[in-house]
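K.L.:
Following this message is one structure expressed as structure tokens.
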Amino acid sequence: MCKLCGDAAAYVYPAQIRRAPSSSPSRPAVNIPLRFGQAKGCLNRLGLGLIVETGPIPGDLEDVVSVVFESKRVRRPLAIRRVTVARVTEVAPTMVRVTLTGEELQGFEAPGPADHVKGFFPGPDGILAVPTIADDGMRQPEVGTVHARDYTPLEFREQGENGPELDIDFVIHGDDGPAAQWAVNAKPGDTFAFGGPRGSLMPPEGASDVVVVTDETGLPAARRFFQNFLPEVPVTGLFFLTDPDLRNYLDDIDGGTRQWFVGDEREAQAEQALRGLDIGERTFVFLAGEAGAMVPLRRYLRRELGLPAGQMDASGYWKRGIVNLDHHAPLDPTDPE
0 MCKLCGDAAA YVYPAQIRRA PSSSPSRPAV NIPLRFGQAK GCLNRLGLGL
50 IVETGPIPGD LEDVVSVVFE SKRVRRPLAI RRVTVARVTE VAPTMVRVTL
100 TGEELQGFEA PGPADHVKGF FPGPDGILAV PTIADDGMRQ PEVGTVHARD
150 YTPLEFREQG ENGPELDIDF VIHGDDGPAA QWAVNAKPGD TFAFGGPRGS
200 LMPPEGASDV VVVTDETGLP AARRFFQNFL PEVPVTGLFF LTDPDLRNYL
250 DDIDGGTRQW FVGDEREAQA EQALRGLDIG ERTFVFLAGE AGAMVPLRRY
300 LRRELGLPAG QMDASGYWKR GIVNLDHHAP LDPTDPE
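With numbering that gives the first Met the number 0 applied, the sequence shown covers 0 to 336.
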């Protein structure tokens with residue numbers, strides 16, 4: 000799907016494209032002559048969005064036709080939900096699963112595999128400061144400092160043991176940050192608040208296969224990719240971990256291919272494994288984890304293989320030495336796409 004237009008992507012025949020002058024609107028029209036149809040679209044710094052009407056593709060063009068696919072982004076009003084801890088489960092020594100419940104979970108949606116919610120946690124003073132939603136946007140609380148971190152909503156159930164339930168997995172890095180401290184000490188009955196997801200990037204349509212490369216922090220999103228695409232679309236997962244006990248994280252999901260890398264060379268081994276895969280023009284690649292480890296993987300895909308931006312999603316979920324990394328910031332300063 001086109002990020003700009005929201006229309007279905009299509010087959011694109013190589014053509015000369017003339018960029019509109021700088022005085023043109025931000026979404027200038029572009030016409031591309033096709034031997035098998037008509038194409039109109041928009042072209043700006045984000046890329047080319049196409050609306051294409053085609054008939055059958057002539058056989059003599061099959062070798063020169065390339066496929067472009069992107070994901071549709073769904074926006075929704077921001078909501079802050081206050082919920083209660085229903086139960087806490089140890090997934091591994093370095094991961095805790097917190098199950099949340101409460102009436103404010105009614106209507107919760109997170110259809111994108113890499114969706115995230117922003118959790119709010121008590122600070123060192125014990126105060127849980129939560130923003131409020133007003134007509135003019137989000138307002139900061141008058142008392143206390145907001146401590147927020149982003150997490151993947153692992154699984155939502157409209158009807159759990161006592162109403163709607165939401166699972167969130169917390170990776171415990173061994174630090175004393177507010178999120179880790181809260182997760183380690185969470186118990187049934189505790190209050191929790193979170194916002195979002197404000198937007199969902201839907202699973203890419205038209206992918207022939209999916210490749211997922213993550214560390215521990217990306218495992219919840221990886222799990223959602225496996226659940227979303229299998230068994231119709233093959234999924235390959237490459238995971239580099241500090242905790243070997245997390246190698247069973249996907250054991251209850253049938254299908255797919257998984258490779259686990261543990262030890263000092265885990266990041267290099269994951270990159271080597273990625274380089275050994277057959278990445279086709281319809282392969283979708285998802286990268287998530289420590290920002291520094293993601294950069295060489297992204298550079299390989301974008302620079303060496305020439306993958307277009309719409310064929311991959313790369314995010315730095317955290318970064319060594321940085322507190323509360325903004326994962327919306329450019330992952331690679333040399334290529335701030």
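No residue lacks a Cβ here, since even glycine has one placed at the ideal position from N, Cα and C. A quick note: this is a predicted structure, and the numbers were derived from the prediction, not measured.
In chain order, which alpha helix (DSSP H) runs of at least 4 residues are fully inside the stretch 189–265?
P.N.:
218–228
K.L.:
What did DSSP end up calling R297 once you bin it into helix, strand or coil?
P.N.:
For this step, residue 297 is matched to residue 298 along the sequence shown. R297: helix per DSSP, three-state reduction.
K.L.:
Out of curiosity, what's the CA-to-CA distance linking P211 and L286?
P.N.:
Translated into positions along the sequence shown, residue 211 becomes position 212. Translated into positions along the sequence shown, residue 286 becomes position 287. Here the sequence assigns Val to residue 211, which means Pro is not the residue at that position. For V211 and L286, the distance between alpha carbons rounds to 6 angstroms.
K.L.:
Judging by CA-CA distance, which residue of P76, E108, G288, V82 is the nearest neighbour of W317?
P.N.:
As a working note, residue 317 is residue 318 in the sequence shown. Of P76, E108, G288, V82, the residue nearest in Cα terms is G288.
K.L.:
Work out the CA separation of I167 and L153 for me, nearest whole Å.
P.N.:
Along the sequence shown, read from residue 1 onward, the residue named residue 153 stands at position 154. Along the sequence shown, read from residue 1 onward, the residue named residue 167 stands at position 168. Taking the straight line joining both Cα atoms gives about 5 angstroms.
K.L.:
If you run the structure through DSSP and keep just helix, strand and coil, what is G315?
P.N.:
Walking along the sequence shown from the start, residue 315 turns up at place 316. Note: G315 maps to strand in three-state DSSP.
K.L.:
How is R86 classed by DSSP in three states: helix, strand or coil?
P.N.:
Residue 86 sits at position 87 when you count from the first residue of the sequence shown. In the structure shown, R86 sits in a strand (DSSP, three-state: E or B).
K.L.:
Please name the residue, chosen from P130, V73, R148, E164, that lies closest to M85 on a Cα-to-Cα basis.
P.N.:
For this step, residue 85 is matched to residue 86 along the sequence shown. Checking the sequence shown, residue 85 turns out to be Ala, not Met. Taking each of P130, V73, R148, E164 in turn and checking the Cα distance to A85, the smallest one comes out for E164.
K.L.:
Spatial neighbours of R274 within its chain, please: CB distance less than 8 angstroms, with the 5 preceding and 5 following residues excluded, ordered by chain position.
P.N.:
Counted from its first residue, the sequence shown places residue 274 at position 275. Counting only Cβ-Cβ distances below 8 angstroms, and skipping sequence neighbours, we find Y299.
K.L.:
Can you find the residues in the same chain that come closer than 6 angstroms, C-beta to C-beta, to G143, ignoring five residues on each side of it along the sequence?
P.N.:
The residue given as residue 143 occupies position 144 in the sequence shown. Within the same chain, G143 has close Cβ partners I126, A128.
K.L.:
Looking only at C-alpha atoms, which of P177, E102, D277, R81 sits nearest to S207?
P.N.:
Position 208 of the sequence shown, counted from the start, is the residue given in the question as residue 207. Looking at the Cα atoms, D277 is the closest of the given residues.
K.L.:
Out of V95, E303, D124, point me to the one whose CA is closest to Y248's CA.
P.N.:
Within the sequence shown, residue 248 is the residue found at index 249, counting from 1. Looking at the Cα atoms, V95 is the closest of the given residues.
K.L.:
Measure the Cβ-Cβ separation of G195 and V116 and say whether it is below 8 angstroms.
P.N.:
Position 196 of the sequence shown, counted from the start, is the residue given in the question as residue 195. Position 117 of the sequence shown, counted from the start, is the residue given in the question as residue 116. Yes; because the gap between Cβ atoms is below 8 angstroms, this pair is in contact.
K.L.:
Distance check for G205 and A7, CA to CA, integer angstroms please.
P.N.:
Locating residue 7 in the sequence shown gives position 8, where the first residue counts as 1. Locating residue 205 in the sequence shown gives position 206, where the first residue counts as 1. Note that A7 has pLDDT 41, beneath the 50 cutoff, so the model's placement of it is unreliable and the number below is only indicative. About 10 angstroms.
K.L.:
So, is T98 buried or exposed, given that buried needs 16 or more other C-beta atoms within 10 angstroms?
P.N.:
Residue 98 sits at position 99 when you count from the first residue of the sequence shown. Classification of T98: buried, given that the 10 Å Cβ count is 16 or more.
K.L.:
Where A292 and E270 are concerned, what is the direct C-alpha to C-alpha distance, given to the nearest angstrom?
P.N.:
The count along the sequence shown starts at 1 and reaches residue 292 at position 293. The count along the sequence shown starts at 1 and reaches residue 270 at position 271. Each residue's Cα considered, the two are about 9 angstroms apart.
K.L.:
Measure the beta-carbon distance from V170 to T93 and round it to whole angstroms, keeping in mind my assumption that it falls under 8 angstroms.
P.N.:
By 1-based counting over the sequence shown, the position of residue 170 is 171. By 1-based counting over the sequence shown, the position of residue 93 is 94. Contact flag correct, Cβ pair sits at about 6 angstroms.
K.L.:
Whose CA, out of G279, R138, V145, D253, lies closest to the CA of F120?
P.N.:
Numbered from its first residue, the sequence shown carries residue 120 at position 121. Closest by alpha carbon: V145.
K.L.:
Return the CA-CA distance between G101 and D135, expressed in angstroms with no decimal places.
P.N.:
For this step, residue 101 is matched to residue 102 along the sequence shown. For this step, residue 135 is matched to residue 136 along the sequence shown. The alpha-carbon atoms of G101 and D135 are separated by roughly 27 angstroms.
K.L.:
Confirm, please, whether the CB-CB distance from F238 to R257 is below 8 angstroms.
P.N.:
Start at 1 with the first residue of the sequence shown, and residue 257 comes out as number 258. Start at 1 with the first residue of the sequence shown, and residue 238 comes out as number 239. Yes, Cβ-Cβ distance for R257 and F238 is below 8 angstroms.
K.L.:
How would you write the range of the beta strand (DSSP E) that A133 sits in, first residue to last?
P.N.:
One-based indexing of the sequence shown puts residue 133 at position 134. Note, A133: beta strand (DSSP E), 131–133.
K.L.:
Here's the rule I'm using: 16 or more other beta-carbon atoms within 10 Å means buried, otherwise exposed. How should R302 be labelled?
P.N.:
In the sequence shown, residue 302 corresponds to position 303, counting from 1. Counting Cβ neighbours within 10 Å, R302 comes out exposed, since fewer than 16 surround it.
K.L.:
Looking only at its chain, what residues have a beta carbon closer than 7 angstroms to the beta carbon of R319, apart from the 5 residues adjacent to it on each side?
P.N.:
Walking along the sequence shown from the start, residue 319 turns up at place 320. Counting only Cβ-Cβ distances below 7 angstroms, and skipping sequence neighbours, we find E289, G291.
K.L.:
Taking buried to mean at least 16 other C-beta atoms within 10 Å of its own C-beta, is A308 buried or exposed?
P.N.:
By one-based count along the sequence shown, residue 308 stands at place 309. Exposed, by the Cβ-count rule.
K.L.:
On a CA-only basis, which of E157, R74, P202 is nearest F228? Give me that one, please.
P.N.:
Here residue 228 refers to the residue found at position 229 of the sequence shown. Residue P202 is the option with its Cα nearest to F228.
K.L.:
Can you check which of these residues, P230, Q226, W259, is closest to T241 by C-alpha distance?
P.N.:
By one-based count along the sequence shown, residue 241 stands at place 242. Restricting attention to P230, Q226, W259, the CA atom closest to the CA of T241 is found in W259.
K.L.:
On the DSSP bridge assignment, give the partners of T98 in chain order.
P.N.:
As a working mapping, residue 98 is identified with position 99 in the sequence shown. Bridge partners of T98: R86, D166.
K.L.:
Quick check on M137: buried or exposed, where buried means 16 or more other Cβ atoms within 10 Å of its Cβ?
P.N.:
Looking up residue 137 in the sequence shown gives position 138. The residue in question, M137, is exposed, as its Cβ has fewer than 16 Cβ neighbours within 10 Å.
K.L.:
For V73, which residues in the same chain have their Cβ closer than 6 angstroms to its Cβ, ignoring the five residues on either side in sequence?
P.N.:
Taking the first residue of the sequence shown as 1, we reach residue 73 at position 74. Same-chain partners within the cutoff: S199.
K.L.:
Identify whether L273 lies in helix, strand or coil by the three-state DSSP scheme.
P.N.:
Translated into positions along the sequence shown, residue 273 becomes position 274. In this structure, L273 counts as helix in the three-state DSSP scheme.
K.L.:
Buried or exposed for D214, going by 16 or more other Cβ atoms inside 10 Å?
P.N.:
Start at 1 with the first residue of the sequence shown, and residue 214 comes out as number 215. D214 should be labelled buried.
K.L.:
Would you kindly work out how many angstroms separate the C-alpha atoms of P219 and E141, rounded to a whole number?
P.N.:
Translated into the one-based positions of the sequence shown, residue 219 becomes position 220. Translated into the one-based positions of the sequence shown, residue 141 becomes position 142. The straight-line gap from Cα to Cα measures roughly 34 angstroms.
K.L.:
By the DSSP assignment, the alpha helix (DSSP H) with P177 in it spans what residues?
P.N.:
As a position in the sequence shown, residue 177 is number 178, starting the count at 1. It spans 177–184 - the alpha helix (DSSP H) in which P177 sits, taken as one unbroken run.
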